[in-house]
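J.: The listed protein sequences correspond, in order, to chains A and B.
Using the working numbering, the first residue of the first sequence is number 1, and each one after it goes up by one.
Using the working numbering, the first residue of the second sequence is number 180, and each one after it goes up by one.
Every residue gets a Cβ at the ideal spot worked out from N, C-alpha and C, and that includes glycine.
There's a structure below that I have some questions on.
There are 2 protein chains.
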Amino acid sequence: MGGTALSFDIQKSIQILERTPAVVRAMLSDLDPAWTLAHEGPETWSPFNIVGHLIDGEETDWMGRVRIILGDNPDKRFAPVDRFRHLEVAKGKTLAELLDKFATLRAANVAELKGLDISPAELALTGEHPAFGTVTLEQLLSTWTVHDLGHIAQIARVMAKQYKEEVGPWEAYLPVLHR
Amino acid sequence: MGGTALSFDIQKSIQILERTPAVVRAMLSDLDPAWTLAHEGPETWSPFNIVGHLIDGEETDWMGRVRIILGDNPDKRFAPVDRFRHLEVAKGKTLAELLDKFATLRAANVAELKGLDISPAELALTGEHPAFGTVTLEQLLSTWTVHDLGHIAQIARVMAKQYKEEVGPWEAYLPVLHR
């Protein structure tokens, strides 16, 4: 990493945020449920669960926290995230419905984010995270971006692991099977 | 995993193989070079390098080995893979050109694979891997599938790590930054 890592850049972050729904759709749309419902074992998430979790983030997490940081209310405390809400979000829904819902919510949130036209000074404004204490808007937006990429990597990894035995000796050359 | 893992299924494998070009395009097309040329440090690959490597696999690795296993020549030895050929593949090319080339090559290879109409009995036929010795067609096709998913995960991870410091205390909640 060192000198090669990006510094935070809101435009470059938005580039990632706005393409995630298309990435997840390209990965999962019309794919056999043997892939989309597969997981890594008890208490782990399937691609289907992950899309539900991404929807939950759009509804309850990211932009809500941006609004707290930038808003007039002096109480800057974030509500804790409910890591099980994705189950409720997805109840009775097909994957196709979830993919559409995520795309719609994300598009609206990115439009709102762009409309805020956040200045460099505003990036240093803070909120109160229930576990970490004071965090900046820049850290929140960086986390939103990395969170997307982490779940894209997770979807690919969960599906890859379904063939852990099937690859035979090649397992040694496929680090994704050991993460 | 246990009872939840898929058994090898050629149709389900083709579902992954045929969508990878669209996934990689959705992730990288028109993205700022600060993301697409980013890497994890010396001797590691950028998303740009990875697309070159995927092209190399289409040209020299996967289908060539399928043909060796299924063909009439009794010499079933695979040529070793040149892990640096991607540099030559990509020389002077833009990322857009590489994404197009990968899509074209993959479409042709998947069409050829489908046309082979591989039977369950043929999946047990073997080739000779330069490091592992005897491997089956099923293991080769499983590996091709997992290889795609591993590189999709890698692209996401490499980009995520560019914000490793920018996320501040959230680093603790983002395992993709520690892989």
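Cβ of residue 314 of chain B less than 8 Å from any chain A Cβ?
T.: Yes, because at least one Cβ of chain A sits closer than 8 Å to the Cβ of residue 314 of chain B.
J.: Count the C-beta pairs between the region 143 to 154 of chain A and the region 330 to 338 of chain B that are closer than 8 Å, then say yes if the count reaches three, no if not.
T.: Counting Cβ pairs under 8 Å, three or more are found: they touch.
J.: How is the beta strand (DSSP E) around residue 308 of chain B delimited, first residue to last?
T.: Counting along the chain, the beta strand (DSSP E) containing residue 308 of chain B begins and ends at 305 to 308.
J.: Can you round the beta-carbon distance between residue 315 of chain B and residue 168 of chain A to whole angstroms, since I take them to be within the 8 Å contact cut?
T.: Confirmed, Cβ separation roughly 7 Å.
J.: Taking only three categories from DSSP, how would you classify residue 312 of chain B?
T.: In this structure, residue 312 of chain B counts as strand in the three-state DSSP scheme.
J.: Run through DSSP, which three-state label would residue 179 of chain A get?
T.: Looking at residue 179 of chain A - three-state DSSP - the assignment turns out to be coil, as it is neither helix nor strand.
J.: In chain C, which residues lie with their C-beta within 7 Å of the C-beta of residue 321 of chain B?
T.: The structure shown contains no chain C; its protein chains are A and B.
J.: How is residue 77 of chain A classed by DSSP in three states: helix, strand or coil?
T.: Reduced to three states, the DSSP call for residue 77 of chain A is strand.
J.: Strictly below 7 Å CB to CB, what residues from chain A border residue 281 of chain B?
T.: Chain A residues near residue 281 of chain B: none, gap ~14 Å exceeds 7 Å.
J.: Roughly how many angstroms lie between the CA atoms of residue 184 of chain B and residue 240 of chain B, to the nearest whole one?
T.: So the alpha carbons of these two residues sit roughly 26 Å apart.
J.: Mind checking residue 127 of chain A: buried by the 16 CB within 10 Å criterion, or exposed?
T.: Buried.
J.: Hey, residue 309 of chain B and residue 257 of chain B: beta-carbon distance below 8 Å or not?
T.: It is a contact, given that the beta carbons lie within the stated cut-off.
J.: What is the C-beta distance between residue 52 of chain A and residue 86 of chain A, in whole angstroms, given that I count them as a contact (C-beta under 8 Å)?
T.: That belief holds up - the Cβ atoms of residue 52 of chain A and residue 86 of chain A are roughly 4 Å apart, short of 8 Å.
J.: Would the region 31 to 51 of chain A count as touching the region 113 to 128 of chain A if we require 3 or more Cβ pairs under 8 Å?
T.: Verdict: no, contact absent.
J.: Rounded to whole angstroms, what is the Cα-Cα separation between residue 262 of chain B and residue 326 of chain B?
T.: Answer to the nearest angstrom: the Cα atoms are 14 Å apart.
J.: Give me the residue from A/109, A/163, A/114, A/164 with the minimum Cα distance to residue 55 of chain A.
T.: Per the Cα distances, A/109.
J.: Starting from residue 48 of chain A, trace the alpha helix (DSSP H) in both directions and tell me its first and last residue.
T.: Per DSSP, residue 48 of chain A belongs to the alpha helix (DSSP H) from 47 to 56.
J.: Could you check whether the Cβ of residue 35 of chain A sits closer than 8 Å to any Cβ belonging to chain B?
T.: At least one chain B Cβ lies under 8 Å of residue 35 of chain A.
J.: How many Å lie between residue 14 of chain A and residue 101 of chain A at the Cα?
T.: Rounded to the nearest angstrom, the two C-alpha atoms are 19 Å apart.
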